[in-house]
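Encoded as structure tokens, the structure appears first; notes follow it.
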Amino acid sequence: MNDFSEIENELRKLRPAQPSPILFERIEEAMMNCREGAWSARQSRKPSPYNWLSLGFGLAAAAALVLFAAISMEHQHDGGKEIAQISRESETAPLRSSAKESTSSDKFLPAGATRLVYNTRNEGLQFARGSGQPLRRLRYQTRETWQWRNPTTGASLRVSYPSEEVVLIPVSGQ
Amino acid sequence: MQNLASHEDWKSCFSEVAPGLLLFARQWVQSAADAEDIVQEAFVKFWRRNHKIENRALLYTAVRSIALDFIRRDSRRARREAGAISETDEFIEPQFEFEDDTQRALAEAIDVLPCEQREVVVMKIWNELTFAEIAGVLGVSQNTAASRYRYALAALRNTLQPR
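The listed protein sequences correspond, in order, to chains A and B. In terms of this note's numbering, the first sequence opens at residue 1 and continues consecutively. In terms of this note's numbering, the second sequence opens at residue 1001 and continues consecutively.
Take a look at the structure:
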């Protein structure tokens, strides 16, 4: 490599052009916007056709409802058996009264249902297949809450989940 | 090991590496503005990932990758610009600051080097990367990087020798 020392020295004397001062400003701005940029990039990511989070919550809520219904039906079924047994052994009055208490204490009654619309988005007009009439597409994002209460024990059960609803409203020309 | 974490750090680091980076980027684009765009994108990406400035090879890898993407993306525009430049003999911003005619001749000789040799010379002389780092950036062996460097210097020396 020593053979090239002279040309290397000549090359080192050549100074590359300096960057424009604007470049520093631009980089500074980019540095400042780093976090904002990353955040907005995440926000503007193309939305999936399915809202997986909502779907997950919805499925979880549905599973909870099914489970609750199954447990409730099982209790009613068991209660019926007890009542039948009690009716066969009607002479044992204390047992019957305790069975009745047990049945009523397991009973949850619907206590309320709310549907909170926290976002509405107008997605514009569209034409359904084969239809000449325009439809306005509205997307509602909601949170639904169902509540049951046991009047005897005062215990309550509440299930809440997010949901999304798309509504098409026909638009008629005036 | 110095990290690019703080606000002032990036400025001092960038002042140090910017001329060499721009020269490196200018191999693929004729316009200084395009080279600055490429360097900006690479440097910001490098900084955001919190790399240490000693890992300069990563910075050059990023510049090279972004520049290649850039010319692929803008190949049509580049062809148009190249055509327009050849037709109008448009002024192209110089890549070096010349002090005399010898330096001007040297810069012109660098311009006509094959790209694979030129990039090694730029990384070695004006960015002071080792052959190991250059080999890493280019994805070649150290021997190949060193050979390209020697061929380039030989060609430059022949160009400048008085006939």
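Ideal Cβ positions, reconstructed from N, Cα and C, are used throughout, including at glycine.
Proximal residues of chain A, C-beta to C-beta of residue i below 9 Å
| i | result |
| --- | --- |
| B:F1014 | P19, L23, F24, I27 |
| B:Q1040 | L23, R26, I27, A30 |
| B:L1153 | M1, D3, F4, I7, E8, L11 |
| B:L1113 | The premise fails here: B:L1113 is roughly 11 Å from chain A at the closest Cβ pair, so nothing lies under 9 Å. |
| B:R1064 | Residues of chain A passing the Cβ test: none, with the nearest at roughly 17 Å. |
| B:I1125 | E8, L11, R12, L14 |
| B:R1148 | Result: empty, since nearest Cβ-Cβ is about 13 Å, beyond 9 Å. |
| B:L1129 | Near B:L1129 there are no residues of chain A at all, since even the closest Cβ is about 14 Å away, more than 9 Å. |
| B:W1028 | Here the premise fails: no neighbours, minimum Cβ distance about 15 Å. |
For residue i, the nearest candidate out of the options (CA to CA)
| i | options | result |
| --- | --- | --- |
| B:D1069 | B:R1049, B:K1124, B:V1029, B:H1051 | B:V1029 |
| A:A64 | A:T145, A:E164, A:F24 | A:T145 |
| B:F1024 | B:F1046, B:L1160, B:S1141, B:Q1117 | B:Q1117 |
| B:D1074 | B:R1056, B:N1158, B:V1121, B:S1031 | B:S1031 |
| A:L138 | A:R149, A:E165, A:D3 | A:E165 |
| A:V171 | A:P134, A:N150, A:F68 | A:P134 |
| B:A1067 | B:F1098, B:N1158, B:E1054, B:A1035 | B:A1035 |
| A:A30 | B:R1026, B:F1046, B:Q1027 | B:F1046 |
| A:E28 | B:D1009, B:L1022, B:Q1161 | B:D1009 |
| B:A1057 | B:G1139, B:L1156, B:R1148 | B:G1139 |
| A:T142 | A:E25, A:E6, A:A113, A:G154 | A:A113 |
| A:P110 | A:A155, A:A61, A:E8, A:L23 | A:A155 |
| B:A1109 | A:F24, A:S5, A:E10 | A:E10 |
| B:E1054 | B:L1022, B:E1133, B:S1141, B:A1155 | B:E1133 |
| B:D1101 | B:L1022, B:L1160, B:K1052 | B:L1160 |
| A:N33 | B:R1048, B:A1135, B:A1042 | B:R1048 |
| A:Q147 | A:F68, A:Y140, A:F4 | A:F68 |
| B:R1114 | B:A1155, B:T1130, B:V1137 | Here residue 1114 of chain B turns out to be Pro, not Arg, going by the sequence shown. Ranking B:A1155, B:T1130, B:V1137 by Cα distance to B:P1114 puts B:A1155 first. |
| B:L1022 | B:R1150, B:E1119, B:G1136 | B:E1119 |
Residue i: contacting residues in chain B (beta-carbon distance under 7 Å)
| i | result |
| --- | --- |
| A:L14 | F1096, Q1103, L1106, A1107 |
Partners in chain A for residue i, counting only beta-carbon separations shorter than 8 Å
| i | result |
| --- | --- |
| B:V1020 | Residue identity differs from the one stated: residue 1020 of chain B is Gly in this sequence, not Val. Under the 8 Å cutoff, chain A gives P16. |
| B:V1120 | Simply none; closest approach about 12 Å. |
| B:I1044 | The sequence shown places Val at residue 1044 of chain B, not Ile. Result: I27, A30, M31, C34. |
| B:R949 | For residue 949 of chain B there is no data in the structure shown, the boundaries of chain B being 1001 and 1163. |
| B:L1059 | Neighbours of B:L1059 on chain A: none; closest Cβ ~13 Å, over 8 Å. |
| B:L1023 | P16, A17 |
Exposure label - residue i; buried when at least 16 CB within 10 Å
| i | result |
| --- | --- |
| A:E101 | Confidence in A:E101 is poor, its pLDDT being 48 and thus under 50, which makes the residue's placement unreliable; the coordinate value appears in the next sentence. Answer is exposed; the Cβ neighbour count stays below 16. |
| A:R129 | exposed |
| A:P94 | For A:P94, the predicted structure reports a pLDDT of 48, less than 50, and the residue's modelled location is therefore unreliable. The matter cannot be settled from this model. |
| B:Q1095 | buried |
| A:L59 | exposed |
| B:C1013 | buried |
| A:L168 | exposed |
| B:A1152 | buried |
| B:Q1040 | buried |
| B:R1072 | exposed |
| B:V1112 | exposed |
| B:V1121 | buried |
| A:R121 | exposed |
| A:S87 | Note that A:S87 scores 41 on pLDDT, short of 50, meaning its location in the model is unreliable; the coordinates nonetheless yield the value given after this. The residue is exposed, with fewer than 16 neighbouring Cβ atoms inside 10 Å. |
| B:E1099 | exposed |
| B:V1044 | buried |
| B:R1148 | buried |
| A:F108 | buried |
| B:R1026 | buried |
| A:S90 | Confidence at A:S90 is low in this model, with a pLDDT of 44, below 50, so the placement of that residue should be treated as unreliable; the coordinate-derived value is given next. A:S90 comes out exposed. |
| B:E1087 | Residue placement at B:E1087 cannot be trusted, given a pLDDT of 48 that sits under 50; the coordinates are not used to answer. |
| A:S44 | With a pLDDT of 47 at A:S44, under the threshold of 50, the modelled position of this residue cannot be trusted, and the question is left open. |
| A:G80 | Summary for A:G80: the model assigns pLDDT 47, below 50, so the residue's position carries little reliability, and this model does not support an answer. |
| A:L125 | exposed |
| A:V66 | exposed |
| A:E6 | exposed |
Chain-ordered chain A contacts of residue i [CB-CB under 7 Å]
| i | result |
| --- | --- |
| B:E1133 | None at all; the shortest Cβ gap to chain A is about 17 Å. |
| B:I1214 | Because chain B spans 1001 through 1163 in this model, residue 1214 of chain B falls outside it and cannot be assessed. |
| B:E1036 | P19, S20, L23 |
| B:L1156 | I7 |
Proximity test, residue i beta-carbon vs the ligand FMN heavy atom, cut-off 6 Å
| i | result |
| --- | --- |
| B:N1127 | What this structure holds is no ligand at all, so the ligand FMN is not there to describe. |
task = Could you tell me whether the segment 1098 to 1112 of chain B touches the segment 1062 to 1075 of chain B, using the rule of 3 or more Cβ pairs below 8 Å?
result = no
key: contact_flag[the segment 12 to 19 of chain A, the segment 1013 to 1023 of chain B] where n(CB pairs < 8 Å) is 3 or more   = yes
request  = Spell out a yes or no on whether the segment 147 to 159 of chain A and the segment 117 to 128 of chain A are touching, meaning 3 or more CB-CB pairs, one atom from each, closer than 8 Å.
outcome  = no
inquiry  = What ranges does the beta strand (DSSP E) occupy inside the segment 1119 to 1145 of chain B, keeping only unbroken runs of at least 3 residues that lie completely in it?
reply    = none
task = Decide yes or no for the touch test of the segment 1121 to 1140 of chain B against the segment 4 to 16 of chain A: beta carbon pairs closer than 8 Å, at least 3 of them.
result = yes
Completely contained alpha helix (DSSP H) runs for the segment 107 to 144 of chain A, where each covers 4 or more residues = none
query = Which parts of the segment 1032 to 1070 of chain B are runs of the alpha helix (DSSP H), unbroken and 4 residues or longer, counting only runs that do not cross its ends?
reply = 1032 to 1048
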